[in-house]
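Line by line, the protein sequences give chains A and B.
As numbered in our numbering, residues 1 to 117 make up the first sequence, in order.
As numbered in our numbering, residues 118 to 226 make up the second sequence, in order.
Read the structure below first, then the notes.
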Amino acid sequence: GAGVSQSPSNKVTEKGKDVELRCDPISGHTALYWYRQSLGQGLEFLIYFQGNSAPDKSGLPSDRFSAERTGGSVSTLTIQRTQQEDSAVYLCASSLEGGFGRGDGYTFGSGTRLTVV
Amino acid sequence: GQQLNQSPQSMFIQEGEDVSMNCTSSSIFNTWLWYKQDPGEGPVLLIALYKAGELTSNGRLTAQFGITRKDSFLNISASIPSDVGIYFCAAHNNNDMRFGAGTRLTVKP
Numbered sequence: 001g002a003g004v005s006q007s008p009s010n011k012v013t014e015k016g017k018d019v020e021l022r023c024d025p026i027s028g029h030t031a032l033y034w035y036r037q038s039l040g041q042g043l044e045f046l047i048y049f050q051g052n053s054a055p056d057k058s059g060l061p062s063d064r065f066s067a068e069r070t071g072g073s074v075s076t077l078t079i080q081r082t083q084q085e086d087s088a089v090y091l092c093a094s095s096l097e098g099g100f101g102r103g104d105g106y107t108f109g110s111g112t113r114l115t116v117v
Numbered sequence: 118g119q120q121l122n123q124s125p126q127s128m129f130i131q132e133g134e135d136v137s138m139n140c141t142s143s144s145i146f147n148t149w150l151w152y153k154q155d156p157g158e159g160p161v162l163l164i165a166l167y168k169a170g171e172l173t174s175n176g177r178l179t180a181q182f183g184i185t186r187k188d189s190f191l192n193i194s195a196s197i198p199s200d201v202g203i204y205f206c207a208a209h210n211n212n213d214m215r216f217g218a219g220t221r222l223t224v225k226p
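Given below as C-alpha cells:
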C-alpha cells in the first residue's frame with residue numbers, strides 16, 4: 001500500500017485478555033519497527049525486524065509481549081494477559097534501509113490506541 | 118537506555134508568534150531529526166540534520182544540529198493554527214534511534 005497500515009485503530013480490552021495488533025508496512029520496506037507511546041512520554045522502542053534476520057527484541061518490556069513478522073511483510077504484536085499499564089498508542093514504522101537506517105527513512109502508521117479496563 | 122531531554126513539554130501561543138523548542142542528550146548522536154504528530158496520526162518527518170552545526174530550513178521551520186552533537190533546536194516562525202500538534206525530536210546512531218517526550222503546541226487564533 002501507499003503507507004503503513006495499522007489495525008485496529010482503537011482497541012478496548014479487559015484486563016487479563018490477550019490482544020493482537022497488526023501492522024502492514026510499505027511494500028518493499030525491509031525494516032519494521034514497533035514503538036509504544038504513552039501519555040506524556042516519548043516513543044519507546046519495542047522490537048525491530050530486518051529482513052530474515054532474528055529480530056531485535058531488546059525493547060520488549062516483559063515476556064507478555066511478543067511479535068512476529070510473517071513472510072517479511074505483515075507484523076503482529078501480541079500482548080498476553082493485558083494490564084492497565086499496557087494502555088498506550090502502539091506505533092509501527094517501516095523503512096527501506098535496515099539498522100534503523102539513517103533515521104530519516106521512517107514512515108509511521110497511525111497507531112493503535114489500546115485501552116485496558 | 119539513553120533518553121533525550123526535550124523542552125518545553127507544552128506551549129500555548131498566539132497565532133503569528135514564533136516558537137522555539139529544543140532537545141539535549143548526554144550522548145553524541147550522528148543525526149538529529151524533528152517530527153510532527155497530528156491527533157490520531159503517526160509522526161511525520163519535518164527536518165533531518167546530518168552535520169554538527171548544520172542549520173536547515175523547511176518553510177517556516179528552522180532546525181539546527183548542535184556543534185557538540187548533543188543537542189538540537191527547532192524554531193517555527195509566524196505560527197498558524199495548523200501548526201498545532203506534538204513535536205518530537207529524535208536522534209540516531211547506528212542501530213539506535215531515540216525520541217524525546219514531545220512538545221505539545223497549541224496555537225490560539
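For every residue, glycine included, the Cβ atom is placed at its ideal position computed from N, Cα and C.
Quick caveat, the model's predicted, so the values are computed rather than measured.
State the CB to CB distance for the pair residue i and residue j, rounded to an integer number of angstroms; the pair is presumed to be in contact (CB under 8 Å).
i                      : j                      : result
residue 174 of chain B : residue 130 of chain B : Going by Cβ atoms, the distance from residue 174 of chain B to residue 130 of chain B rounds to 20 Å, so no, they are not a contact pair.
residue 109 of chain A : residue 97 of chain A  : So it is not a contact: roughly 18 Å between Cβ atoms.
residue 91 of chain A  : residue 11 of chain A  : That belief does not hold up - the Cβ atoms of residue 91 of chain A and residue 11 of chain A are roughly 14 Å apart, past 8 Å.
Using 10 angstroms around the beta-carbon of residue i, count the other beta-carbons present and answer buried if the total reaches 16, otherwise exposed.
i                      : result
residue 4 of chain A   : buried
residue 84 of chain A  : exposed
residue 139 of chain B : buried
residue 159 of chain B : buried
residue 153 of chain B : buried
residue 145 of chain B : exposed
residue 118 of chain B : In this predicted model, residue 118 of chain B has a pLDDT of only 47, less than 50, meaning its place in the structure is not dependable; the value taken from the coordinates is given anyway. The residue in question, residue 118 of chain B, is exposed, as its Cβ has fewer than 16 Cβ neighbours within 10 Å.
residue 86 of chain A  : buried
residue 32 of chain A  : buried
Can you grab the Cα-Cα spacing for the pair residue i / residue j, in whole Å?
i                      : j                      : result
residue 208 of chain B : residue 165 of chain B : 10 Å
residue 124 of chain B : residue 48 of chain A  : 28 Å
residue 27 of chain A  : residue 112 of chain A : 20 Å
residue 8 of chain A   : residue 185 of chain B : 42 Å
residue 20 of chain A  : residue 137 of chain B : 39 Å
residue 62 of chain A  : residue 219 of chain B : 25 Å
residue 194 of chain B : residue 223 of chain B : 14 Å
residue 205 of chain B : residue 15 of chain A  : 31 Å
residue 127 of chain B : residue 94 of chain A  : 28 Å
Taking 8 Å as the threshold (beta carbon to beta carbon), is residue i in contact with chain B?
i                      : result
residue 51 of chain A  : no
residue 108 of chain A : yes
residue 24 of chain A  : no
residue 80 of chain A  : no
residue 96 of chain A  : no
Please check if any C-beta of chain A sits within less than 8 Å of the C-beta of residue i.
i                      : result
residue 121 of chain B : yes
residue 156 of chain B : no
residue 225 of chain B : no
Quick one: residues in its chain with C-beta nearer than 7 Å to the C-beta of residue i, no 5 flanking neighbours on either side, listed in chain order?
i                     : result
residue 57 of chain A : 47
residue 17 of chain A : 82
Kindly list the residues whose CB is nearer than 6 Å to the CB of residue i, restricted to its own chain and excluding five residues on each side of it in sequence; keep chain order.
i                      : result
residue 226 of chain B : 132 and 198
Keeping to the same chain, check which residues put their C-beta closer than 8 Å to that of residue i; ignore five residues upstream and five downstream.
i                      : result
residue 187 of chain B : 141, 142, 143, 144, 145 and 146
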